[in-house]
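Numbering of the sequence shown is given in this note's numbering, commencing with residue 1 and proceeding in unit increments.
The beta carbon of each residue, even a glycine, is placed where N, CA and C say it ideally should be.
Structure first, commentary second.
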Amino acid sequence: MSTADAGERLEAATQLLEAVPLIDGHNDLPWNIRKFLHNQLNDFHFDEDLRNVMPWAKSTWSHTDLPRLRKGRVSAQFWAAYVPCEAQYRDAVQLTLEQIDVIKRLTERYSPELTTCASVADILEAHKNHQLCSLTGVEGGHSLGGSLGVLRTLYTVGVRYMTLTSTCHTPWADSSHDIKHGGLTAFGKLLNLSAKHI
């Protein structure tokens, strides 16, 4: 490919990204904020290039900062409110809410460049205004504690997707590991149907 061809392709891609928002569907940065900073944001400088800042420079899950999101022309970022499988049957709901909280605080701290979005209309409006949408997804149904009420509450606080499982089974769904339930249980099917109607 010639330099001229590369330049033309880059220009075409740039025009496309100006017209259509690029949405990244999963980012584990909130988990690293928990792991490295105990969800404290005072020493986290998201507006700096973190490639040479420890511990971010050495973390395989930390390839994100505002300068790189801008350079990559990302319009909307789904942050994963992830909690480990070991939290199931213990404090998964609490830990999930704490992860949602750190996502909200990060968004507020870097507003107006980051803005909370909860709909397609929000994403399109933010894209038009050159803001980065901050959205929340929950990684793993174990974060529900088996409760439809928690599912509805997560939607109310801004969660817009949840994976049914992560790397562990829930009492109502099989993960990608050994078969336990044969897929979804009756409650898993009810939960899936309930999620569609929220």
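Contact annotation: ASN39 and GLN99 have beta-carbon atoms nearer than 9 Å. In this structure, the beta-carbon distance from TYR161 to GLY137 falls below 9 Å. By the 16-neighbour rule on beta-carbons within 10 angstroms, THR3 is exposed.
When DSSP states are grouped into helix, strand and coil, ILE198 belongs to the coil group. Judged by DSSP in its simplified three-state form, TYR82 adopts strand. Taken through DSSP and simplified to helix, strand or coil, TYR110 comes out as coil. Excluding its 5 nearest sequence neighbours in each direction, SER59 has C-beta neighbours in its own chain below 7 Å: ASN32, listed in chain order. For ILE23, the enclosing beta strand (DSSP E) covers residues 23-27. Excluding the 5 residues flanking it on each side, GLU125 has no same chain C-beta neighbour closer than 6 Å. By the neighbour-count criterion, in which 16 or more other beta carbons inside 10 Å mark a residue as buried, GLN15 falls on the exposed side. Residue pairing by DSSP places THR116 opposite SER134 in a beta bridge.
If you draw a straight line from the Cα of HIS181 to the Cα of GLY145, it comes to about 17 Å. In the structure shown, TYR155 falls within a helical segment according to DSSP collapsed to helix, strand and coil. Excluding the 5 residues flanking it on each side, ALA118 has same chain C-beta neighbours closer than 8 Å at LEU135, GLY158, ARG160, in chain order. In the DSSP annotation of this structure, ARG73 is not part of any alpha helix (DSSP H), being labelled neither H nor E.
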